[in-house]
Amino acid sequence: MTRSKAPMIAVLVVLALVAALLGGELYLRQQIKSCLAGQLESEIGSQVDVGLGWKPILVSLVDKQVSSVTLDSNDARFGIAEGMTVHAEVEDVNLERTADTNGSIGSSSADIDWSTDGIARTLQAQGIGALVSGVTSDASAGTLSFAVGGLAQLTVKPTVVGDRVDVQTVDASILGLGLPTDLVDSIVGVLSDSLQQYPLDMVPTSLTVTDAGIELALQGGQYSIPATDQPTEVPDGCGLLA
-8 MTRSKAPMIA VLVVLALVAA LLGGELYLRQ QIKSCLAGQL ESEIGSQVDV
42 GLGWKPILVS LVDKQVSSVT LDSNDARFGI AEGMTVHAEV EDVNLERTAD
92 TNGSIGSSSA DIDWSTDGIA RTLQAQGIGA LVSGVTSDAS AGTLSFAVGG
142 LAQLTVKPTV VGDRVDVQTV DASILGLGLP TDLVDSIVGV LSDSLQQYPL
192 DMVPTSLTVT DAGIELALQG GQYSIPATDQ PTEVPDGCGL LA
């Protein structure tokens, strides 16, 4: 081998190693994303798009740590709520599995948009939609209004109180007369129940009524991801983390 060929061969070897590492990184990154998506979809209530942080997955397979994970869903379900758009960020993910957990996270946050259409869908799913002909929001007043039977209107104001969402009735009348208490309680109850159950033990920190619906911010601390009971429920790629 001549000296002139040696540097070229060395460069080709380095390029081949880099290509192999990049290919392995991309493959494993997709596998881990699939694993985390499968584990967290039950928390979000729908399919999620998962994004991983800057840390190479080849390193994560050794120390079982992922710097950060983002989760996005356009049709999330929290409890009985339907039609929520969610962007969540999870920090300090530990992928080491135990008998009781599929790993843990250090902290989490989420931004939720719940449109008036999603609110209407939720009421319909709970058997109240036939009575409510429309849902509107008033950003300036911070209220939601429900048109009931075409003649009546129920107006409520949701706010964050402590670590939960409180829904107060502002007005409930039909042609100047009060709406039936059972109907008011049913609508307010569905709305309240829809705003109490959140993934990863997160709690609400702020709520804003917009002209399109509700925007809600959540924060969460350390959380253990529950282990699946059945081996068939473990998503593809999770075997890499065992």
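In this note's numbering, the protein residues as written are -8 to 233. Ideal Cβ positions, reconstructed from N, Cα and C, are used throughout, including at glycine.
DSSP places Ala79 within a strand segment (E or B) once states are collapsed to three. Residue environment analysis places Lys55 among the exposed positions, since fewer than 16 neighbouring C-beta atoms fall within 10 angstroms of its C-beta. Under the three-state reduction of DSSP output, Gln210 falls in the strand class. Proximity to Ser131 across Ser95, Asp202, Thr89 and Gln21 peaks at Asp202, based on C-alpha coordinates. If one requires a minimum length of 4 residues, the alpha helix (DSSP H) runs lying completely within the segment 102 to 179 are 107 to 116, in chain order.
The beta carbons of Pro195 and Leu182 sit about 14 Å from each other, so the pair does not count as a contact at 8 Å.
For Pro47, the three-state secondary structure derived from DSSP is coil. Secondary structure of Ile205 (DSSP, three-state): strand.
Residue burial annotation: Ala121 is exposed, with fewer than 16 other C-beta atoms found within 10 angstroms of its C-beta.
The three-state reading of DSSP puts Gly74 in coil, since its state is none of H, G, I, E or B. In summary, Trp105 is buried, with 16 or more beta-carbon neighbours lying within 10 Å of its beta-carbon over all protein chains present.
Around the beta carbon of Gly94, 16 or more other beta carbons lie within 10 angstroms, which makes this residue buried.
Taking each of Asp162, Gln38 and Gln188 in turn and checking the Cα distance to Ile178, the smallest one comes out for Asp162.
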